[in-house]
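Everything on this sheet refers to the single structure shown next.
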Amino acid sequence: MIPEDLRYTAEHEWIAGDGSGPVRVGITHFAQDALGDIVYVQLPDEGTVVQAGDSLGEIESTKSVSEIYAPISGTVVSKNATLTDEPEIINGEPYAAGWLVEIAPDDPASVAALLDAAAYRALTES
28 MIPEDLRYTA EHEWIAGDGS GPVRVGITHF AQDALGDIVY VQLPDEGTVV QAGDSLGEIE
88 STKSVSEIYA PISGTVVSKN ATLTDEPEII NGEPYAAGWL VEIAPDDPAS VAALLDAAAY
148 RALTES
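In short: position in the sequence shown from 1, add 27, done, that's the working numbering.
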């Protein structure tokens with residue numbers, strides 16, 4: 028369950044898009060599976076400037092609370108408001124309806140610098 032057309036981080040976030048416009052960010056199937064049943068998501072507001080590697084929110088599950096890290100630097104242009112009332116969507120559709128935020132990247136090339144599907148697969152299988 029690692030889509031080939033996405034980019035990934037070692038912290039288990041994914042990015043859809045090439046960076047030429049806003050990119051969509053979420054957590055991977057691996058991450059949602061490790062978290063268990065997700066019960067709450069705290070996301071930044073539109074207009075929030077984020078730096079790669081910094082926390083941009085939290086996901087709370089029945090097991091723990093985990094930070095969500097910004098995979099790239101940029102400005103949040105949208106957040107998935109559906110998750111406020113239905114955070115469990117992430118468990119069922121981490122790569123579709125369970126997306127978290129959209130970020131307009133400061134540097135479009137930063138997206139290509141992230142892990143491709145093969146590298147992320149190797150990370151999760153080790």
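Beta carbons are placed, not taken as given, at the ideal position from N, Cα and C, and that holds for glycine.
**Asked** For V66 versus P114, is the C-beta distance shorter than 8 Å?
**Response** yes
**Asked** In whole angstroms, what separates the C-alpha of L62 from that of S91?
**Response** 7 Å
**Message:** For E152, report the span of its alpha helix (DSSP H) as first-last.
**Reply:** 144 to 152
**Prompt:** For the ligand FMN, any of its heavy atoms closer than 7 Å to the Cβ of E129?
**Reply:** This structure lacks the ligand FMN, and indeed carries no ligand of any kind.
**Message:** Please report the straight-line C-alpha distance between D143 and D32, rounded to a whole angstrom.
**Reply:** 8 Å
**Prompt:** Whose C-alpha, out of T36, A139, P71, P49, is nearest the C-alpha of A58?
**Reply:** T36
**Request:** Classify L70 as helix, strand or coil using the three-state DSSP reduction.
**Result:** coil
**Message:** Among the candidates P135, S47, R148, N118, whose CA atom is the shortest distance from the CA of D64?
**Reply:** N118
**Asked** For A79, does the three-state DSSP call read helix, strand or coil?
**Response** coil
**Request:** Keeping to the same chain, check which residues put their C-beta closer than 7 Å to that of H39; ignore five residues upstream and five downstream.
**Result:** I54, T55, F57, A58
**Asked** Beta-carbon separation of I155 and I42 under 8 Å?
**Response** The first residue shown for the chain is 28 and the last is 153, placing residue 155 beyond what the model contains.
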